[in-house]
Amino acid sequence: MPKLEVKGITKVYKKGAIKALDDFTVTLTPGVYGLLGPNGAGKSTLMNIITDNLNSDKGEVLYDGESIKKLCKDYRSVLGYMPQQQGLYDDFTLNRFLWYMAALKGLNKKEAKEKIASLLDTVNLTNAAHKKLGGFSGGMKQRALIAQALLNDPKILILDEPTAGLDPKERIRIRNFISEIAEDKIVLISTHVVSDIEFIAKEIILLKQGKLVSHDTCQNLVNEIANKVVETEIEKEELKYFQDNYRVSNLCHNDDKIVVRLVTDNPPENHKITIANPTLEDLYLYIFEQGM
C-alpha cells in the first residue's frame, strides 16, 4: 500500500518575508483527500513540492519511506499531476497531445493506445479526439488535463481544481470516477468547490496561512461546529446588518422576508432560530472567516 509522508515542510518567499508553508506535516495513504483553504493559504506551493516541481526550504517528502529527491525518475513514474493552469498546445489535436504526454511518461505504443482510448471515454471526449485543443471550451480543457494525469496509471494523483469550468453533469461524472479509482491510489484534490469532495474524501486537510489547521474525516470536522449553524427569518431591511456581522452561508427570499443560514458562536437575539445540520461548506466559512 503506497504511503506519502510530508514532513515538516517549510517554504518562504521574498527572502523570508512570506512564509507559504510553515512546518507542514501530513501522512497520506490510498483514498481521496480534500485540500481546502483560501487563496494564498499555500495549497499550490504544497502541491508543487509534492510533485517535485519546487524545492522546500526545510523538511522532506517521502514515498514509501524514501525521499522523492533520491527516487527521482522512479517517483515521477508513479505520479500523476493536473495543474490548475497549463498552457496547452493549441495546434495539437487532443489525440496528438495525449500521445505526446504518453511518450513523455514512457508508455510504449500498445499501452498508450489502450490507455488513451479508455481515458477519452472516461472524460467523455472520444468525439473530440481529433479536434484542436485551441477550439476547446474551458471545461473540455479541464477534462483533457485530467486524462493526461492518468495516462501512467499513477499511484499518487494530484489534482488542482479538477472540476473548474465543468457543468454539473460533467462534475458528477469526474467526481464519481475519481472516487472509483482511489481504492489503490493516493488522490489529493485542491478545490474551491467544496461539494465536490464532501462525499468522496476520506479526510479533509484544512490549510490556512501555510499552517495545517485541521486534518480529519469530513464528519468529525463538521461535528466540531454542531449547534453553530442556525437558520432564522429576517426582514429585508435587516439583511445588510446580518451580512456585516455574521457569516451568512445561505439566504433564501420568502415572500417579503428572508431566511438566512448563519454560522456563528453567538446566534442573534430577538429572533427565532432553528439549529441546522452543518455541512463542510459551513465549516469552511467558520474556519476561514473567523474574524466575523
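If you number the sequence shown the way the numbering used here does, the last residue is 296 and the count never jumps. Don't be surprised by glycine CBs; every beta carbon is placed ideally from N, CA and C.
Where the alpha helix (DSSP H) through residue i begins and ends
i	result
Ile72	72-75
Phe246	243-249
Val226	222-227
Leu287	284-292
Leu108	98-108
Collapsed DSSP secondary structure at residue i in the structure displayed
i	result
Ala151	helix
Glu118	helix
Gly12	strand
Ser48	helix
Tyr85	strand
Lys240	helix
Leu129	coil
Residue i - containing beta strand (DSSP E), residue span
i	result
Phe28	22-32
Tyr93	Segment: none, Tyr93 is in no beta strand (DSSP E) and carries neither H nor E.
Lys62	62-67
Cβ shell of residue i (< 7 angstroms), same chain only, five flanking positions each side left out
i	result
Glu242	none
Ala186	Pro34, Gly35, Val36
Ile204	Val36, Arg179, Ile182, Ser183
Residues near residue i by beta carbon distance below 6 angstroms, same chain, minus five either side
i	result
Thr49	Lys15, Ala24, Leu25
Glu207	Tyr37, Thr221
Met296	Its pLDDT being 48, under 50, Met296 is placed unreliably by the model, and the measurement read from it follows with that caveat. Arg251, listed in sequence order.
Leu255	Ile262, Val264
Asp2	Limits of the chain in this structure are 5 at one end and 296 at the other, which puts residue 2 out of reach.
Ser60	Ile13, Lys15, Ile53
Residue j beta carbon less than 9 angstroms from that of residue i
i	j	result
Leu66	Leu161	no
Glu70	Lys11	no
Pro166	Thr126	no
Glu228	Lys276	no
Leu92	Gly138	yes
Lys77	Asp27	no
Residue-level contact to chain B via CB, residue i, 9 angstroms cutoff
i	result
Arg265	Absence of chain B from the displayed structure is noted, only one protein chain being present.
Beta-carbon proximity list for residue i, same chain, < 8 angstroms, skipping 5 on both sides
i	result
Lys109	Ser81, Leu155, Asn156
### Task
Any chance you could list the beta strand (DSSP E) runs of at least 3 consecutive residues sitting entirely within the segment 156-214, in chain order?
160-164, 190-194, 207-212
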